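Notes for the one structure printed next.
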Amino acid sequence: MSTVSQDKSVLTPAAFLIRGLAVGLVAGLLAFVVAFALGEPTIDDAIALEDAAAAQMTPQEVAAEEAAAAEEDHSGMVAVSRDNQKSWGLLTGTVVVGAALGGLTALAAAAVIGRLGNLSARGSTALVALLGFVSIVLVPFAKYPSTPPAVGDGETIGGRTASYFALVLISVLAVIAAVVIANKLRARVDGWTATGIVAAGYIAVVAVAAALLPSVNELGDFPADLLWYFRRSSLLTLMTLWAAIGVGLVALLGRLHDTATADANRRELAANL
Amino acid sequence: MSQITATPHGGAIVVPVVPLLKLGTWVVFFGLLAMLAIFFVSADQGAISFPAGNAVHEWVHDARHLLGFPCH
Numbered sequence: 660m661s662t663v664s665q666d667k668s669v670l671t672p673a674a675f676l677i678r679g680l681a682v683g684l685v686a687g688l689l690a691f692v693v694a695f696a697l698g699e700p701t702i703d704d705a706i707a708l709e710d711a712a713a714a715q716m717t718p719q720e721v722a723a724e725e726a727a728a729a730e731e732d733h734s735g736m737v738a739v740s741r742d743n744q745k746s747w748g749l750l751t752g753t754v755v756v757g758a759a760l761g762g763l764t765a766l767a768a769a770a771v772i773g774r775l776g777n778l779s780a781r782g783s784t785a786l787v788a789l790l791g792f793v794s795i796v797l798v799p800f801a802k803y804p805s806t807p808p809a810v811g812d813g814e815t816i817g818g819r820t821a822s823y824f825a826l827v828l829i830s831v832l833a834v835i836a837a838v839v840i841a842n843k844l845r846a847r848v849d850g851w852t853a854t855g856i857v858a859a860g861y862i863a864v865v866a867v868a869a870a871l872l873p874s875v876n877e878l879g880d881f882p883a884d885l886l887w888y889f890r891r892s893s894l895l896t897l898m899t900l901w902a903a904i905g906v907g908l909v910a911l912l913g914r915l916h917d918t919a920t921a922d923a924n925r926r927e928l929a930a931n932l
Numbered sequence: 008m009s010q011i012t013a014t015p016h017g018g019a020i021v022v023p024v025v026p027l028l029k030l031g032t033w034v035v036f037f038g039l040l041a042m043l044a045i046f047f048v049s050a051d052q053g054a055i056s057f058p059a060g061n062a063v064h065e066w067v068h069d070a071r072h073l074l075g076f077p078c079h
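Chains as they are written, first to last, in this note's numbering: chain A, 660 to 932; chain B, 8 to 79.
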């Protein structure tokens, strides 16, 4: 087997990126449908609780809150209606994040296709999407699960944001390192052993990182059932996004690679005549 | 089209790959763009504010919660 990277190949980074963006847009649309159908009812319930709590504040508390609000800079402050937030606003967010993650996943697939032993282009792409979901969503979710409105103190948003993205960064870097190391280990041990070793290494790295990073508990008396419904819908939204990215890219990149392989072999054959 | 796999004899089958050097510039370019896009949905006008105000935060509010980013 020989691996080649010819200048005339259709296998260009741009070809991968454009497919990633297209698949990401569609994945964002599908994620929006799931988020709207399953997530929005729980957000409405959480906001209703928040409003009910605000209605029970004493006049002194209300005055203190208004005084604090008056001190803040109000330039550029707008109010977006709930109808807009749960439709166009939500759609904007899922489509933008979908396109960004779709593009990144496609470029990551471009880096590994043809380089992971005899794993096919489709297999390599599916692996990248699966590892993306596990490292970007599942592992950070285990430490910092999604929180509905009415949960979370505005004072601690800076620290919580930093911790969350630190864990995402560590998790992604660790999974990239795991793939590179597994690929090198295959020279000495079989593929399953190499995979087992680096999987254990990845779990150890993220477990230590998660243990060292600060924990967050700002739930107060938020109802447990509503919290679970919200988190379940959030996870289903993210699963939809990544599943669509994975399935879409396996199909499109698989076909792209088929074409490139056929072209390369035709040229190889012509050169040998 | 059927899946083409390597033959034990080698040499006959060509598996095309993307040159890593060429891919690297695209990864840097699109990586920065993607991070900027994700920043506006995930963290802008929460932990860090640019521009001042709350318009971005308010607009993507529900997506920020449901996509699992810290909010409020």
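All residues carry an ideal CB built from backbone N, CA and C; glycine is no exception.
These figures come from a predicted structure and were not determined experimentally.
How about residue i: is its C-beta nearer than 7 Å to some C-beta of chain A?
| i | result |
| --- | --- |
| residue 7 of chain B | Residue 7 of chain B falls outside the range modelled here, since chain B spans only 8 to 79, and no answer is possible. |
| residue 28 of chain B | no |
| residue 89 of chain B | Residue 89 of chain B cannot be examined here, being either before or after the span of chain B that is shown, 8 to 79. |
| residue 73 of chain B | yes |
| residue 63 of chain B | no |
| residue 16 of chain B | Confidence in residue 16 of chain B is poor, its pLDDT being 45 and thus under 50, which makes the residue's placement unreliable; the coordinate value appears in the next sentence. No, residue 16 of chain B lies away from the interface with chain A (no Cβ there is under 7 Å from its Cβ). |
| residue 35 of chain B | no |
Taking 7 Å as the CB-CB cut-off, is residue i touching chain B?
| i | result |
| --- | --- |
| residue 736 of chain A | yes |
| residue 794 of chain A | no |
| residue 888 of chain A | no |
| residue 744 of chain A | yes |
| residue 763 of chain A | yes |
| residue 694 of chain A | yes |
| residue 681 of chain A | no |
| residue 831 of chain A | no |
| residue 678 of chain A | no |
| residue 842 of chain A | no |
| residue 920 of chain A | yes |
| residue 924 of chain A | yes |
| residue 885 of chain A | no |
With a threshold of 8 Å on Cβ separation, who are the neighbours of residue i within its own chain once the five nearest residues in sequence on each side are excluded?
| i | result |
| --- | --- |
| residue 72 of chain B | 78 |
| residue 809 of chain A | 705, 706, 708, 709, 712 and 881 |
| residue 815 of chain A | 875 and 877 |
Can you tell me the Cα-Cα spacing of residue i and residue j, whole angstroms?
| i | j | result |
| --- | --- | --- |
| residue 55 of chain B | residue 915 of chain A | 40 Å |
| residue 679 of chain A | residue 789 of chain A | 15 Å |
| residue 668 of chain A | residue 819 of chain A | 46 Å |
| residue 686 of chain A | residue 710 of chain A | 33 Å |
| residue 884 of chain A | residue 683 of chain A | 32 Å |
| residue 805 of chain A | residue 75 of chain B | 4 Å |
| residue 892 of chain A | residue 928 of chain A | 53 Å |
| residue 864 of chain A | residue 913 of chain A | 32 Å |
| residue 16 of chain B | residue 785 of chain A | Note that residue 16 of chain B scores 45 on pLDDT, short of 50, meaning its location in the model is unreliable and no value can be drawn from it. |
| residue 798 of chain A | residue 860 of chain A | 14 Å |
| residue 714 of chain A | residue 720 of chain A | 11 Å |
| residue 53 of chain B | residue 64 of chain B | 7 Å |
| residue 20 of chain B | residue 813 of chain A | 59 Å |
| residue 677 of chain A | residue 740 of chain A | 34 Å |
| residue 69 of chain B | residue 897 of chain A | 13 Å |
| residue 768 of chain A | residue 722 of chain A | 56 Å |
| residue 752 of chain A | residue 57 of chain B | 17 Å |
| residue 14 of chain B | residue 817 of chain A | Because the pLDDT at residue 14 of chain B is just 48, under 50, the model does not fix this residue reliably, and the point stays unresolved. |
Since residue i contacts residue j with CB under 8 Å, what's their CB separation in whole angstroms?
| i | j | result |
| --- | --- | --- |
| residue 697 of chain A | residue 895 of chain A | 6 Å |
| residue 770 of chain A | residue 27 of chain B | 7 Å |
| residue 803 of chain A | residue 822 of chain A | 7 Å |
| residue 23 of chain B | residue 674 of chain A | Rounded, the Cβ-Cβ distance is 12 Å, inconsistent with contact. |
| residue 868 of chain A | residue 826 of chain A | 6 Å |
| residue 836 of chain A | residue 853 of chain A | The pair is not a contact, with the Cβ atoms about 13 Å apart (cut-off 8 Å). |
Give the DSSP bridge partners of residue i, in chain order.
| i | result |
| --- | --- |
| residue 51 of chain B | B:55 |
Give a single yes or no on whether residue i has its beta carbon closer than 6 Å to a heavy atom of the ligand SAM.
| i | result |
| --- | --- |
| residue 699 of chain A | Questions concerning the ligand SAM fall outside what the structure shown contains, since it holds no ligand whatsoever. |
In its own chain, which residues sit with a C-beta less than 7 Å from the C-beta of residue i, not counting the 5 before and 5 after it?
| i | result |
| --- | --- |
| residue 67 of chain B | 48 |
| residue 920 of chain A | none |
| residue 757 of chain A | 683, 684, 686, 687, 690 and 900 |
Take residue i and list the residues in its own chain whose beta-carbon comes closer than 6 Å to its own, dropping the five residues that flank it on each side.
| i | result |
| --- | --- |
| residue 791 of chain A | 764 |
| residue 888 of chain A | 701 |
| residue 61 of chain B | 52 |
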